[in-house]
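Residues 4 to 609 (this note's numbering) make up the first sequence, in order. Remarks on the structure that follows.
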Amino acid sequence: MAAKDKNQEPQDEQLHKLRHSTAHVMAEAVVERFPEAKVAIGPPIKDGFYYDFDLGREPDGSLKTFSPEDLEAIEKRMRQIAGGRHPFIRSEVSAEEAKRIFADEPYKLDLIAGLEAGGVDEYGEPTDEPPVISTYQHDHFVDLCRGPHLESTGQIPPDAFKLLTVAGAYWRGDEHNPMLQRIYGTVWPNKQQLAAYLEKLEEAKRRDHRRLGKELDLFSTNPDEVGGGLVLWHPRGGLMRHMIEEFSKAEHLKGGYDFVYSPHIGRGTLWETSGHLDFYKDSMYSPVEIEGQEFYLKPMNCPFHMEIYKSRTRSYRDLPLRFAEWGTVYRFERSGVLHGLTRVRGFTQDDAHLFCRPDQMPEEIDRVLGFCLFILRSFGFNEFNAYLSTRPEHRVGEDEKWEAAERALEAALERAEIPYQVDAGGGAFYGPKIDLKVYDALGREWQLSTVQFDFNLPEKFDLTYVGEDGQEHRPYVIHRALMGSMERFFGVLIEHFGGAFPVWISPMQVEVIPIADRHNDAAYEVAAQLKAAGLRAEVDASSDRMNAKIRNAQLQKIPYMLVIGDREAEDGAVNVRLRTGEQRGTMPVAEFIAYAQDVVANKALI
RNA sequence: GCCGACGUAGCUCAAUCGGCAGAGCAUCGACCUUGUAAGUCGAGGGUUGCCGGUUCGAUUCCGGCCGUCGGCUCCA
Numbered sequence: 004m005a006a007k008d009k010n011q012e013p014q015d016e017q018l019h020k021l022r023h024s025t026a027h028v029m030a031e032a033v034v035e036r037f038p039e040a041k042v043a044i045g046p047p048i049k050d051g052f053y054y055d056f057d058l059g060r061e062p063d064g065s066l067k068t069f070s071p072e073d074l075e076a077i078e079k080r081m082r083q084i085a086g087g088r089h090p091f092i093r094s095e096v097s098a099e100e101a102k103r104i105f106a107d108e109p110y111k112l113d114l115i116a117g118l119e120a121g122g123v124d125e126y127g128e129p130t131d132e133p134p135v136i137s138t139y140q141h142d143h144f145v146d147l148c149r150g151p152h153l154e155s156t157g158q159i160p161p162d163a164f165k166l167l168t169v170a171g172a173y174w175r176g177d178e179h180n181p182m183l184q185r186i187y188g189t190v191w192p193n194k195q196q197l198a199a200y201l202e203k204l205e206e207a208k209r210r211d212h213r214r215l216g217k218e219l220d221l222f223s224t225n226p227d228e229v230g231g232g233l234v235l236w237h238p239r240g241g242l243m244r245h246m247i248e249e250f251s252k253a254e255h256l257k258g259g260y261d262f263v264y265s266p267h268i269g270r271g272t273l274w275e276t277s278g279h280l281d282f283y284k285d286s287m288y289s290p291v292e293i294e295g296q297e298f299y300l301k302p303m304n305c306p307f308h309m310e311i312y313k314s315r316t317r318s319y320r321d322l323p324l325r326f327a328e329w330g331t332v333y334r335f336e337r338s339g340v341l342h343g344l345t346r347v348r349g350f351t352q353d354d355a356h357l358f359c360r361p362d363q364m365p366e367e368i369d370r371v372l373g374f375c376l377f378i379l380r381s382f383g384f385n386e387f388n389a390y391l392s393t394r395p396e397h398r399v400g401e402d403e404k405w406e407a408a409e410r411a412l413e414a415a416l417e418r419a420e421i422p423y424q425v426d427a428g429g430g431a432f433y434g435p436k437i438d439l440k441v442y443d444a445l446g447r448e449w450q451l452s453t454v455q456f457d458f459n460l461p462e463k464f465d466l467t468y469v470g471e472d473g474q475e476h477r478p479y480v481i482h483r484a485l486m487g488s489m490e491r492f493f494g495v496l497i498e499h500f501g502g503a504f505p506v507w508i509s510p511m512q513v514e515v516i517p518i519a520d521r522h523n524d525a526a527y528e529v530a531a532q533l534k535a536a537g538l539r540a541e542v543d544a545s546s547d548r549m550n551a552k553i554r555n556a557q558l559q560k561i562p563y564m565l566v567i568g569d570r571e572a573e574d575g576a577v578n579v580r581l582r583t584g585e586q587r588g589t590m591p592v593a594e595f596i597a598y599a600q601d602v603v604a605n606k607a608l609i
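As structure tokens, then:
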């Protein structure tokens, strides 16, 4: 999740001003209510704004925080300030003046110091702009701010903003800094748009994969008995995963991959060799000891694949080698970060390592990127953000290798015509990478695919191949995961479709609904024909009324409901209802089968 | 890990001031035999997250732990 990336900022200039100005108004209301509060920063963001405050400490030493009543009172006061139609007045000041104005505001002084030094803006973000220091004042509130702002607080529609939540946030986003109290709010040009936004939040709740996972009986977790972040896949979720994996594995075979399998634990020496115990120990589960040897649960599959490569001498003729594994890994995530299926402690990666010669590398990148897009698009993900992360300060590997790898990644992105953002210095210490991220129902970004160069492991494991010249050479290693992890992919997939999955992965595809008991035999006969045709079907032979059977099937988002009464039973026909509510009328069973098979083959929605 | 909110039946939620813990759905049983989103009646189901304190008495008040949710930091 990249909370602070540029996509999060409102695109529209006027909306940007509205949100920024509302943040200032909120800050005034907060400072009035808490005169001892120190203000930090308050930028506009996607869908709203926030402002951070330091409220000081309670007598018992704990952090002073906002209560729900505070939020209510602040919101009420904001309406008054908006109604006061105070103009926003911009002033340019010298650093000295700024320090005098904000003498009592330590966070602002920190920002001014940054501005003075140049190179960072008033949020502490890097900037190329010359260090002009400006303030904006409205009513009694003055803020260090680049702007721009509305002309007056009167332009803030008093019925189109709402304070949403309070949260803790570290100053400058660094957990070693003091924790501030952040208020999130939203504001829109009019109350209709506010209402639409709040409705969108409600819709997001309905699509939440944790809720749908329960309602559709797809998966569960049991923190008390099993452990947090450890997922139980129920039969319906399991069937979906099976379909997804089967599809992907078949494509891997077509793409020239070999399947390998590796154990869930490995000796400490392995993780010493790989460097994980140096760099990654905090995220690894504690070792288990047996017969004097330490074993660790694997946080990654990489070292095992390196060992498979090393198990014999490799010739340049053997390359490229592509080792794929649905490898389950365990990482000790801090308790506060677990989230449904999208952030867990045990997960299965659709992992693979590509071993190739330098001359093969550009083509391998092209192929893997194309493969990636093909897989994502097969599941209806057509919108995503691509990131190219380049060399960080601390890194291994020669600069020529980095140069070649970065150029290869960039060129592959260009050839694939994918718009991307460069995350300069965002690469891993062992190599540059491309990440593809998609959105969940709340617009939060989740990384699925990753294509990473690894300059570290080939050295650590001393991987070689014998070249045409009879000499040993170091192969390139590319680590990649397309869906990322089955858990996260599934979570995002659930939200993407709101539980109404394309027919080919729908756990139950057809609900056969007899109207009365006397139609049960005909219904079972139809279901048998459907199953024989490869469709997943069941009969609802419960004592419910037909209306209730339809309702239950609708709630389960089963694509097709086939109603069978006297007329259908007599003709060997079915009456077809789609989960969209559309009724397709009565047709022979064979006709429905042909239609449904076609939808499945095309991976269509319905 | 940090800040805040929350934790009552399988699920969604009630329970006034501290006084016998309830409803709907789901489950089970019986009846009903139905034409495109909930048929009727009945039954079972709880150490109110855990531990401790205050009290004659705690779902309720206090403290500690665990967990969930929203953020922060971190990450597939």
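Think of the CB as a built atom: it goes at the ideal place given N, C-alpha and C, for glycine as much as any other residue.
Buried or exposed by the 16-neighbour rule on C-beta atoms within 10 Å, applied to residue i
i	result
Gln450	buried
Ser545	exposed
Phe282	exposed
Tyr264	exposed
Ser251	buried
Leu135	Sequence inspection shows Val at residue 135; the Leu mentioned does not correspond to that position. Answer is exposed; the Cβ neighbour count stays below 16.
His179	exposed
Ala530	buried
Ala551	exposed
Ile92	exposed
Gln512	buried
Gly45	buried
Pro435	buried
Pro302	buried
Leu496	buried
Thr168	exposed
Cα-Cα separation, residue i to residue j
i	j	result
Tyr563	Lys217	21 Å
Ala525	Met590	15 Å
Glu471	Glu366	20 Å
Val603	Phe382	13 Å
Phe222	Trp507	19 Å
Leu439	Val454	9 Å
Trp191	Tyr173	27 Å
Phe335	Ser286	5 Å
Thr189	Pro226	34 Å
Pro306	Gln184	43 Å
Ala444	Glu498	6 Å
Asp402	Gly176	31 Å
Leu273	Glu297	10 Å
Ile609	Glu249	21 Å
Leu114	Lys102	10 Å
Val340	Tyr333	15 Å
Leu233	Arg239	18 Å
Tyr139	Ala85	16 Å
Ser65	Ala40	15 Å
Glu156	Phe56	Checking the displayed sequence, the identity of residue 156 turns out to be Thr instead of Glu. For Thr156 and Phe56, the distance between alpha carbons rounds to 21 Å.
Glu475	Phe350	36 Å
Boundaries (first-last residue) of the beta strand (DSSP E) holding residue i
i	result
Asn550	Run containing Asn550: none in the beta strand (DSSP E); it sits in the alpha helix (DSSP H), 549 to 558.
His482	479 to 488
Nearest candidate by alpha-carbon position, reference residue i, set the options
i	options	result
Gln352	Val340, Gln195, Ser223, His482	His482
Lys463	Leu219, Gly473, Asp177, Gly400	Gly400
Phe3	Lys67, Arg317, Lys165	Lying outside 4 to 609, the shown extent of the chain, residue 3 is not represented and no answer is given.
Ala199	Asp50, Pro302, Gly157, Leu379	Asp50
Ser392	Glu386, Leu412, Phe384, Phe377	Leu412
Gly258	Leu372, Thr316, Val515, Gly121	Leu372
Val480	Val542, Asp354, Asp543	Asp354
Enclosing alpha helix (DSSP H) for residue i [first to last residue]
i	result
Asp281	279 to 282
Asp574	569 to 574
Cys148	First-last for Cys148: undefined, no H or E at that position.
Gly117	109 to 120
Ser381	364 to 381
Met243	238 to 257
Distance cut-off 6 Å: residue i Cβ against heavy atoms of the ligand GTP
i	result
Thr316	The model on display carries no ligand, and the ligand GTP is accordingly not part of it.
Query raised in the report: Is it true that the stretch 513 to 523 meets the stretch 483 to 494, where meeting means three or more beta-carbon pairs spaced less than 8 Å apart?
Result: In short, these stretches do not touch, since the Cβ pair count stays below three.
Query - Three or more C-beta pairs below 8 Å linking the stretch 261 to 268 and the stretch 280 to 300 - result: yes
Report task. Decide if the stretch 422 to 432 is in contact with the stretch 244 to 255; the criterion is three or more beta carbon pairs, one per stretch, under 8 Å apart. Result -> Taking a contact to require three or more Cβ pairs closer than 8 Å, the stretch 422 to 432 and the stretch 244 to 255 do not qualify as touching.
Query raised in the report: Would you call the stretch 22 to 30 and the stretch 146 to 154 in contact, with 3 or more CB pairs under 8 Å?
Result: yes
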